[in-house]
Each structure stands twice: as C-alpha cells, then as structure tokens.
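Count along the sequence shown from 1, then add 20; that gives the number in the working numbering. Even glycine gets a Cβ: it sits at the ideal position worked out from N, Cα and C. Presented below is the structure to which this report refers.
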Amino acid sequence: MGAPLQPPVMVLQEYPLVASLGIGALTGIFFYILFWHWTHPLRKYPGPFLAKFTNIYRLYRTVRGNYYNDLVEMHRKYGPVVRTAPNVLDIDYPEMIKTVFNIKGDWAKRPRQRPPVYNLFSELDKAKHAEEKKLVSKLYFPNAVLSLEPHMDTAITQLCSELETRFIDTKDHNDEPKEGKVLDLGDWISLYAWDVLGTVTFSRPFGYMSSGRDFDGSIARAQDAMFYFAWVGCLPWLDYVFDKNPFPFISNLLGQPGFSKTNSALSVQRLIDRYAGKDAEFLDTSTPDYLQKFMAIKQKDKSGKIRDENIVGWLMINTLAGADTTAIAIKTALYHCAKQPRVWRRLQRELQVAERGYGPWAETAKARTPPISYKTARAIPYLEAIVRESLRILPGIALPLERYVPPSGVHLPTRGTEKTKDFIPGNQGCILSFTPYTLNRHEAVFGSDSDQFRPERWLRDENNRESEEDFRERLQKMNNTDLSFGGGSRVCLGKHMGLMQAYKVLGTLAARYELDWVGEDGQDEWKVVQSWFPRQEGIKVRMRWCLPKGR
C-alpha cells in the first residue's frame with residue numbers, strides 16, 4: 021500500500037520554495053492579464069467574454085462551421101461593433117467600407133498562411149501587390165473576359181448534354197420515356213465550374229463532367245483546403261505546426277490538406293507541357309487561354325523580371341479561387357429558384373422576351389441551342405437581380421475580411437446617442453474586420469426582410485410607386501455595401517469572369533429546363549457548411565424540359 025495522499029496544506033509546508041514560486045507565478049500572470057485587459061485600447065467594446073482574452077474562442081467557433089451565423093447573432097446582441105478577438109473588432113457600419121477598402125491600400129491586410137508558391141493573393145506589401153496586379157489585371161477586364169466566351173460556351177454545352185443524357189431524357193426497360201432522375205445539381209455545378217476553369221486557363225477541361233464525378237479527388241482536396249485556410253486564419257502560427265514544418269510526416273499525420281501543393285504542381289506541369297508543345301492539339305489561337313496570355317506577358321517583358329514562377333503564381337490564382345466562387349453563386353441561385361418556383365417562372369418569361377429581341381425563340385426547349393449569349397443575358401434585369409441577390413444572401417467569402425488600423429488611427433461612427441466618435445489608435449495591432457455575410461443583412465440598407473431571398477429588392481418597386489430617383493439612391497446604398505468580391509485595391513480579379521458565367525449558366529438552364537425541388541433525404545432545406553468559401557450540400561432536384569409558352 022502506498023502512502024496516503026497528503027493534503028495541499030501539508031504539501032505547501034513540505035515544499036515551501038516550490039509553492040511560493042508557483043503561487044508567485046500564478047499571481048503575476050493574473051495581474052499581468054488584468055493590467056493588459058484594463059489598458060487595452062479595445063477594452064470598452066462588447067463581445068463574448070473569452071474573445072477578449074484569446075483567439076482560441078473564434079477558432080472554436082470557426083471549427084464548428086457556423087461562425088458567419090454566429091457573427092450575425094453577436095451583432096444583434098451587442099450592436100454594430102463586436103470584439104471577436106483580443107485585437108479584433110467586427111464592424112457592421114456599411115458607411116466605413118469605402119474608408120477601409122480603398123484603392124490606396126493603406127489598410128494593411130492581415131497575414132494568414134504562407135503559400136507553397138508565391139502568388140498575388142498572398143502578397144501583403146501594397147507596393148509589390150500593386151506592381152504584380154498591374155501586370156495581369158487587364159486580362160480580367162470585362163472586354164478581355166468577353167473573349168473567353170467561346171470557352172465558356174463549350175463547357176455549358178457539355179453541362180447541358182450531360183444533364184439531359186443522365187437525368188432528363190431517361191427511359192424505362194421498355195425504352196419508353198419516364199420521369200427524370202433525381203440529381204444533386206450542386207455537385208454538377210461544381211464539376212462544371214472546375215471544367216470551365218480548365219478550359220479558360222489551359223484550353224482543355226479537367227474531365228469531371230465527362231466522368232460525372234470528382235475522379236481524382238482534387239475538388240474534395242480544394243474543399244478541405246478551404247477549411248484549413250479558415251482555421252489557420254484564426255491562429256496563423258498553426259500553419260507552421262500543421263504544414264510549414266521541416267518534418268513532412270507531421271503534416272501527413274495531422275492530415276493537412278495538400279491542395280495548395282497539388283495546385284502548384286498542376287500549374288507547373290501544364291506550363292512545362294505548353295513549352296514542350298504537348299497540348300498543341302487543344303489550342304486555338306483565335307481564342308487564347310490564360311496560360312497563353314500569361315506567357316505572352318513574359319515574352320514582352322524586356323527587363324527579365326517576369327519569370328516562370330510568376331506565371332505559376334498567376335495560374336494558381338485562377339485555380340485556387342475561380343471555380344469555388346463561381347459555383348457558390350450559381351448554386352445559391354438554383355437552390356432558391358427551385359424552392360421558389362415563381363422566381364424561376366418569371367426569369368423564363370423575361371428570357372423569352374429578351375431572346376425574341378435578339379433572334380428567333382424556338383417554340384420547344386429541345387430546339388433551343390445552348391448556351392444563351394452574354395449579350396442577351398445582360399439584357400434581362402431580373403436575371404441580374406437573381407445574381408445580385410444570390411451573392412448577397414450567401415457571399416462567396418463568408419468569413420471576415422480583416423485590415424490593420426493604419427498609423428493615423430480611425431474614428432468609428434457615433435454609436436446610439438453618443439456625441440463623440442470612438443477613436444481606434446494605430447500602431448497597436450488593432451484590426452477591423454468586415455464580414456460580407458453580416459453586412460449583407462444590414463436592415464437599414466437591405467430592408468427588414470434581409471434574411472430572405474427576394475431578387476425584387478434589386479429592381480424599382482413599381483407596386484409601391486418608388487420613383488426612379490429613390491430607387492437609384494437605394495441601389496447605390498446596396499452597391500456600396502457589397503463586399504461579395506472584396507473591395508478596394510484587393511477586389512477579386514476574377515469578378516467579371518465569375519459574373520459572366522453566372523449570367524450565362526442561369527440563363528441557359530432557365531431557357532431549357534424546369535426545376536422541381538426534392539431535397540436531401542426528406543429535408544426541406546440545403547446544408548451550408550462554413551469554411552473560407554461556404555460549402556453547399558443537398559441541392560437535390562428533378563429536372564425536365566421547359567413547358568410550352570403560355571402555361
């Protein structure tokens with residue numbers, strides 16, 4: 021039998037030096053935390069108790085996969101300014117967006133994780149970022165993106181063909197037509213988005229639509245990477261534990277997703293293939309892809325500063341963010357249109373009117389040749405309203421966009437009945453974050469029904485006799501609040517390409533098919549899991565050919 025455990029008092033008596041040092045250390049830590057808290061410039065701002073002392077609180081909320089909804093509830097509880105981490109205030113003041121997200125770039129971006137290959141997204145230095153962006157930004161202007169429409173048409177045509185063959189034009193064992201099969205339309209939009217990305221970047225699809233699945237696991241790895249980016253964004257030093265450590269087996273053991281490395285390897289290999297002429301059969305000089313355009317920039321550079329590493333970095337930007345952000349907007353629109361058939365029917369009616377203005381409208385959906393032109397799609401106000409509302413209700417980036425307060429500091433707008441503005445000092449590591457998901461529910465801008473999907477909010481309210489002047493003023497407020505593609509000097513380069521695809525895909529599908537909501541295992545709603553990009557699941561529908569006009 022061992023000796024009985026000694027009471028704490030007896031331990032203190034037996035080891036007085038150790039006890040004194042321990043008590044002294046704990047007391048010192050306690051008073052240090054107390055002093056730090058009471059002298060911190062953000063101490064007076066409300067928020068969850070633990071968030072005032074540690075970043076682990078928001079890491080916990082992020083890992084749970086519902087942080088963007090948590091932030092909405094925090095603002096409803098605490099007000100427009102919420103302390104979400106020791107040095108971070110999440111702001112729900114739309115009027116501050118232009119101040120923080122300006123083209124000067126004087127609000128520094130908060131670092132997250134270091135990528136395996138340098139790219140424009142990871143560059144924090146504003147001068148270097150501006151210089152690098154200037155080299156390629158013209159390739160993403162609207163007119164430049166329009167030249168890629170033939171590539172998009174090829175991918176959309178294949179999407180329609182796969183949907184019709186696999187799910188719409190189905191027959192029974194007697195070779196008789198039968199009701200179409202149920203499909204997860206969201207999954208197919210993901211397959212399309214990745215294939216069209218391969219087409220516009222490398223002149224050849226990755227092959228996901230033809231196989232009908234994520235055959236090599238790249239899409240799944242990309243989704244895992246977005247979870248990883250969200251988590252390490254809360255505590256950036258975790259990236260050096262999980263991934264950027266000198267022991268690869270640790271990364272494998274911890275399961276760190278390898279999409280970034282896979283993505284960089286793919287970009288390098290496609291560049292090597294292009295130099296070697298191995299993909300010549302896919303190229304069309306009349307519609308050059310992004311790789312051709314990037315290589316042309318290097319060839320025109322006389323200084324020798326642009327190297328193959330730059331090209332790989334540009335390719336990575338396309339493949340890292342291009343597919344997911346495009347797919348999110350299209351999935352959101354299709355989900356809500358399936359849930360609200362009136363929206364889909366109105367879009368079909370306006371499509372018919374618009375098509376008659378640009379050419380003959382076939383009487384049957386099967387006779388209509390996909391896809392709809394971008395020119396036609398842009399002529400349909402209700403289609404634009406659906407796209408804008410989809411980006412508002414679930415932005416492609418649902419997590420906070422964080423910026424360091426500049427050395428000059430910043431005044432917050434007045435709060436409530438206060439007469440003086442709050443001042444946040446610079447050079448003290450204070451960060452202001454703006455969450456698109458929260459801002460897009462600001463009732464003073466978007467109305468009391470801001471939680472609802474209602475495309476009509478982007479159109480003039482003729483039923484209530486809204487004047488054109490009042491509508492323009494209201495629309496301007498909504499536009500100024502929109503951070504769906506970021507803002508200022510770091511606005512997403514692929515914005516116009518993503519919008520163009522959303523218009524064309526939604527317009528084409530509405531012109532050809534009806535959507536009947538089925539749901540996942542009897543569930544009436546989809547499932548949205550938060551990561552750096554939201555992941556939508558369970559968009560189960562049954563598709564059929566459009567009914568004749570006049571239904």
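For Met498, the enclosing alpha helix (DSSP H) starts and ends at 488-501. The three-state reading of DSSP puts Gln368 in helix, counting H, G and I together. Rounded to the nearest angstrom, the Cβ distance from Asn460 to Pro415 is 6 Å, consistent with a contact under 8 Å. By alpha-carbon distance to Asp236, the top candidate from Asn283, Phe267, Tyr260 is Asn283. Contact annotation: the segment 103-120 does not touch the segment 394-412, with fewer than three C-beta pairs closer than 8 Å. Using a Cβ distance threshold of 8 Å, Val252 and Asp244 do not count as a contacting pair. In the structure shown, Tyr228 adopts helical secondary structure according to DSSP, grouped into three states.
Annotated as proximal: Ile350 and Ile209, with beta-carbon spacing under 8 Å.
The segment 535-554 makes contact with the segment 84-91, as at least three CB pairs between them are under 8 Å. Taking the Cα of Pro427 as reference, the smallest distance to any Cα among Asp126, Gly297, Leu340, Gln543 is reached at Asp126.
Rounded to whole angstroms, the gap between the alpha carbons of Thr219 and Pro225 is 5 Å.
Nearest to Ala343 by alpha-carbon distance, out of Met246, Gly99, Lys497, Leu62, is Met246.
With 16 or more other Cβ atoms from the protein chains shown falling within 10 Å of its own Cβ, Glu375 counts as buried.
The shortest CA-to-CA distance from Tyr355 to any of Glu93, Thr177, Asp204 is the one to Asp204.
Ser323: not part of any alpha helix (DSSP H); DSSP gives it neither H nor E. The segment 147-165 makes no contact with the segment 175-188; the number of CB pairs closer than 8 Å stays below 3. A straight-line Cα-Cα distance of about 24 Å links Ser230 and Thr352. Per the coordinates, the alpha-carbon of Pro114 lies some 10 Å from the alpha-carbon of Pro433. Cβ contact annotation for Arg474 (same chain, cutoff 8 Å, sequence separation greater than five): Glu409, in chain order. Fewer than three pairs of CB atoms, one per stretch, sit closer than 8 Å, so the segment 502-515 makes no contact with the segment 321-328. DSSP places Glu151 in the uninterrupted alpha helix (DSSP H) bounded by 146-156.
By the CB criterion at 8 Å, Thr346 and Gly227 fall outside the cutoff.
One thing to note: Arg494 has its Cβ no nearer than 8 Å to the Cβ of Leu452. Here the C-alpha atom of Tyr394 lies approximately 47 Å from the C-alpha atom of Ala71. For Val425, the closest alpha carbon among the candidates Asn447, Leu411, Ile417, Asp442 is that of Asn447. For Ile406, the uninterrupted alpha helix (DSSP H) segment begins and ends at 401-413.
The beta carbon of Leu303 sits closer than 7 Å to those of Ser223, all from its chain and outside the five residues before and after it, given in chain order.
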